[in-house]
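Below: one structure, written as structure tokens.
As structure tokens, then:
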């Protein structure tokens, strides 16, 4: 058991809890409508935060999308903080996973592609968190257009990589789990994108719900790296310091060097024959 496994576990705990806190703050300040609200209007006499009473008048501007929950202050400040912190943790986890695969197995195209897509996803997440949709819509949508597809591609690559490296029954069980999460994330992402483009109030609200489900699944997927990180040691840092040199290749090179050193020199063999 290693303390490294705390890192992938803490990412979903931090991000999911933080996003729900942002939603609770936005709901308390009446910046968005509740998730269980399915009644929307074309227009309202007053803005949502000026309304009182148990029944609120909501429009499409109040759909509880994750980005919409983090648009207005004070929740926008926490939203930016959570996205920035989460993106940094994603970069670290992806890098350690990359080095761990090299250490235990060898580098491959899937591993390198996973590293690239994971870091691109982190960059998109930073843009989403720091450019609110109401203040910088173009940059926000660019960040979302980067973060969502690359996060989906990352989990696909990692699922394939897990199957490729699996040798024990436990590793195959983790691969099956990741495959199920990948398929579920793909379905929710497609439905969220399709419904978001519709003008129907119900479909827009359903899009928000599927977006929440997709983000939760992706964060839980990162949490499954605790299985691999439990066996991680300081040798992983050595692999990173060597610039990604394969651990198995390094061990083979060391064994070859020892074997060559232990063999007698040709001149020594010839001298022994003369004697």
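In my numbering, the protein residues as written are -10 to 264. Every residue gets a Cβ at the ideal spot worked out from N, C-alpha and C, and that includes glycine.
With 16 other Cβ atoms within 10 Å as the buried cut-off, status of residue i
{"i": "residue 201", "result": "buried"}
{"i": "residue 124", "result": "exposed"}
{"i": "residue 153", "result": "exposed"}
{"i": "residue 57", "result": "buried"}
{"i": "residue 159", "result": "exposed"}
{"i": "residue 28", "result": "exposed"}
{"i": "residue 236", "result": "Unreliable positioning characterises residue 236 in this predicted model, as indicated by a pLDDT of 49, which lies under 50. The coordinate reading is nonetheless provided below. With 16 or more other Cβ atoms within 10 Å, it is buried."}
{"i": "residue 191", "result": "exposed"}
{"i": "residue 167", "result": "buried"}
{"i": "residue 171", "result": "buried"}
Length of the line joining the Cα atoms of residue i and residue j
{"i": "residue 15", "j": "residue 186", "result": "23 angstroms"}
{"i": "residue 105", "j": "residue 140", "result": "11 angstroms"}
{"i": "residue 122", "j": "residue 60", "result": "6 angstroms"}
{"i": "residue 20", "j": "residue 38", "result": "6 angstroms"}
{"i": "residue 63", "j": "residue 11", "result": "9 angstroms"}
{"i": "residue 163", "j": "residue 69", "result": "32 angstroms"}
{"i": "residue -8", "j": "residue 209", "result": "18 angstroms"}
{"i": "residue 241", "j": "residue 96", "result": "Note that residue 241 scores 46 on pLDDT, short of 50, meaning its location in the model is unreliable and no value can be drawn from it."}
{"i": "residue 42", "j": "residue 13", "result": "18 angstroms"}
{"i": "residue 189", "j": "residue 142", "result": "29 angstroms"}
{"i": "residue 22", "j": "residue 175", "result": "26 angstroms"}
{"i": "residue 134", "j": "residue 144", "result": "16 angstroms"}
{"i": "residue 218", "j": "residue 36", "result": "49 angstroms"}
{"i": "residue 221", "j": "residue 197", "result": "37 angstroms"}
Span of the alpha helix (DSSP H), counted from its first residue to its last, around residue i
{"i": "residue 12", "result": "-5 to 17"}
{"i": "residue 221", "result": "That residue, residue 221, is in no alpha helix (DSSP H); it is neither H nor E in DSSP."}
{"i": "residue 85", "result": "64 to 93"}
{"i": "residue 101", "result": "98 to 119"}
{"i": "residue 22", "result": "That residue, residue 22, is in no alpha helix (DSSP H); it is neither H nor E in DSSP."}
{"i": "residue 58", "result": "55 to 58"}
Distance CB(residue i)-CB(residue j) smaller than 8 angstroms
{"i": "residue 100", "j": "residue 150", "result": "yes"}
{"i": "residue 147", "j": "residue 103", "result": "yes"}
{"i": "residue 182", "j": "residue -3", "result": "no"}
{"i": "residue 116", "j": "residue 0", "result": "no"}
{"i": "residue 80", "j": "residue 215", "result": "no"}
{"i": "residue 4", "j": "residue 118", "result": "no"}
{"i": "residue 52", "j": "residue 194", "result": "yes"}
{"i": "residue 7", "j": "residue 71", "result": "yes"}
{"i": "residue 269", "j": "residue 132", "result": "For the chain, the structure presents residues -10 to 264; residue 269 sits outside this window and is missing."}
{"i": "residue 225", "j": "residue 88", "result": "yes"}
{"i": "residue 178", "j": "residue 137", "result": "yes"}
{"i": "residue 18", "j": "residue 47", "result": "no"}
Any non-hydrogen atom of the ligand FAD within 7 angstroms of residue i CB
{"i": "residue 24", "result": "The ligand content of the structure shown is nil, which means the ligand FAD is not present either."}
Would you mind listing the alpha helix (DSSP H) stretches within the region 145 to 204 that are 4+ residues and don't spill past its ends, in chain order?
158 to 185
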